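Protein chains: 2
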Amino acid sequence: MEREMTQTTARRIAKDCLAVRVRLLNRVVTGVYDDVLRPLGIKVSQLNVLVVVANYDSPTPTKIGKVLHMEKSTLSRNVDRMVARGWLRIATGKDVRTHRVTITPKGRALLEKSLPLWQQAQEESEALLGERVTRAVCQAADRIWADGKS
Amino acid sequence: MEREMTQTTARRIAKDCLAVRVRLLNRVVTGVYDDVLRPLGIKVSQLNVLVVVANYDSPTPTKIGKVLHMEKSTLSRNVDRMVARGWLRIATGKDVRTHRVTITPKGRALLEKSLPLWQQAQEESEALLGERVTRAVCQAADRIWADGKS
DNA sequence: CTCACTATGTTGTATATACAACCTTGTGCC
DNA sequence: GGCACAAGGTTGTATATACAACATAGTGAG
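Going down the list, the sequences are from chains V and P. In case it helps, our numbering puts the first sequence at residues 1 to 150. In case it helps, our numbering puts the second sequence at residues 1 to 150.
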């Protein structure tokens, strides 16, 4: 395998790869929110779960996973941690298989306390990405969410 | 803590949050590449490291971390795994602290084999995001990379 | 030259993530 | 009713990620 060929291939991928770029943005933006939220002991990943639970009426883990495009096993353990912290509660309905996830008063309080810090991180991120990119990212996510519903 | 307040806060965050959207895109796009690359036993996260190593001349882990905006500890362990698979090699220079990371022949071969699959995932992702978003994501990443150099 | 500081990496710990295999429970077909 | 199949969750395993604490080795000021 010759060096020039490797160089060419590597440059080809580096020049255009969407994955490396989306993953980079993810790390940078997640870092902005996590830094700001740190005093509250919550990370943006968990805040997002809290928001989904508050927005849907006691959704099942599967439902949350569908909204966030996360594996059920990932959700399972993320929810576990949040239950352990007292932010969420699990209730079992008639169908013993399906669990309903509910936000606790402690979870509500945390959500309220998060709002101003979230706002700060939001502004910082928008400034970092610029208005055009911010709009594009929202558009892309909305498209994915719309696809899921059809 | 009242229900209405929680609802309002949750909707406020859900409506605009950049973090949840960037993280969503990251999961979806990473999934597209990982699915396509699976037959080769490499994930796009490691392919990206391989590309950086091939593009810079035997960079240090710190250098790779700076390019990808990754913690040095993250890089340390990612590189370990790739060394264990025989795709990378570590050499120590005069400064015993600094390690130089080199791609092995096996790593080169893997990179070449990855190219057509990467191309396929790239096209699939571009179609998924649309041209406008694709351009915006590249613009945002390029801005971050430019900032790092100044 | 020495000491404080910085740069580079590694390790301990915790979270986030996904895939595969599994268990349990509804459901629908016959 | 009984059985095959689908749906919902959990667990085992592995990777990816970050922060904090540490170890070690250059570097520069005096």
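Even for Gly, the Cβ is constructed at its ideal location relative to N, Cα and C. No experiment lies behind these values; they were computed from the predicted model shown.
query = Residues in its own chain within less than 8 Å of E126(V) by CB, not counting five upstream and five downstream?
reply = T134
query = In the segment 38-98 of chain P, which residue ranges form an unbroken beta strand (DSSP E) of at least 3 residues, counting only runs that do not cross its ends?
reply = Listed in chain order, the complete beta strand (DSSP E) runs (minimum 3 residues) inside the segment 38-98 of chain P are 88-92.
message = As a quick exercise: from Y33(V), G107(V), L18(V), E112(V), pick the residue whose alpha carbon is nearest that of R27(P).
response = Checking every option, the nearest Cα to that of R27(P) belongs to L18(V).
request  = Taking V151(P) as the query, report the chain V residues whose CB atoms sit under 9 Å from its CB, ordered along the chain.
outcome  = Residue 151(P) cannot be examined here, being either before or after the span of chain P that is shown, 1 to 150.
message = Can you check whether the C-beta of A91(P) is within less than 7 Å of a C-beta belonging to chain V?
response = no
inquiry  = For L115(V), tell me which candidate among R11(V), P39(V), K94(V) has the shortest Cα-Cα distance.
reply    = P39(V)
inquiry  = Contact defined as beta carbons within less than 8 Å: I believe A10(V) pairs with L110(P). What is the distance between those atoms, to the nearest angstrom?
reply    = Wrong, their Cβ atoms sit about 12 Å apart, outside the cutoff.
request  = Give the range of the alpha helix (DSSP H) segment to which E124(P) is assigned.
outcome  = 105-129
L105(V) to V67(P) span [Cα, whole Å] = Leu is not the amino acid found at residue 105(V); the sequence shown has Pro there. If I take the Cα positions, the gap works out to 42 Å.
Neighbour list for V28(V) in chain P, Cβ cutoff strictly below 8 Å = H69, I144
ask   = Beta-carbon of S125(P) versus every beta-carbon of chain V: anything under 7 Å?
value = yes
Contact set for S58(V): own chain, Cβ-Cβ below 8 Å, skip 5 residues either direction = A91, R100, V101, T102
message = Let's test the definition: count the other Cβ atoms within 10 Å of the Cβ of R23(V) and tell me whether it reaches 16, buried, or not, exposed.
response = buried
inquiry  = Give me the DSSP bridge partner(s) of T102(V).
reply    = R89(V)
message = Does A136(V) pass the burial test, meaning 16 or more other C-beta atoms within 10 Å, or should it be called exposed?
response = buried
ask   = Which value, in whole angstroms, describes the spacing of the CA atoms of R21(P) and G93(P)?
value = Answer to the nearest angstrom: the Cα atoms are 42 Å apart.
query = Using a threshold of 6 Å, is the CB atom of V44(V) nearer than that to any non-hydrogen atom of the ligand NAD?
reply = The ligand NAD is absent from the structure shown, which contains no ligands of any kind.
Within-7 Å CB hit, W118(P) to chain V = yes
E4(V) - containing alpha helix (DSSP H), residue span = Boundaries of the alpha helix (DSSP H) around E4(V): 3-16.
Spatial neighbours of K72(V) in its chain, beta-carbon cut-off 7 Å, leaving aside the 5 residues before and after = Cβ within range, chain order: P61, T62, G65.
request  = Use the C-beta contact count for K70(V): other C-beta atoms within 10 angstroms, 16 or more gives buried, fewer gives exposed.
outcome  = Note that residue 70(V) corresponds to Met in the displayed sequence, not to Lys. It counts as buried.
key: Separation of R132(P) from A140(V), as counted between CA atoms   = 9 Å
task = Look at the alpha carbon of E123(P) and the alpha carbon of G31(P), and state the distance between them as a whole number of angstroms.
result = 14 Å
ask   = When Cβ atoms are compared, which residues of the segment 40-65 of chain V fall closer than 9 Å to chain P?
value = Here the close residues are V44, S45, L47, N48, L50, V51, V52, V53, A54, N55.
request  = Consider the Cβ of L88(V): report whether some Cβ of chain P lies at a distance smaller than 7 Å.
outcome  = False, the Cβ-Cβ gap to chain P never drops below 7 Å.
Under 7 Å by beta carbon: chain V residues contacting V187(P) = There is simply no residue 187(P) to check, as chain P begins at 1 and stops at 150 in what is shown.
G130(P) versus R12(P) - alpha carbon distance = Cα-Cα distance, rounded: 27 Å.
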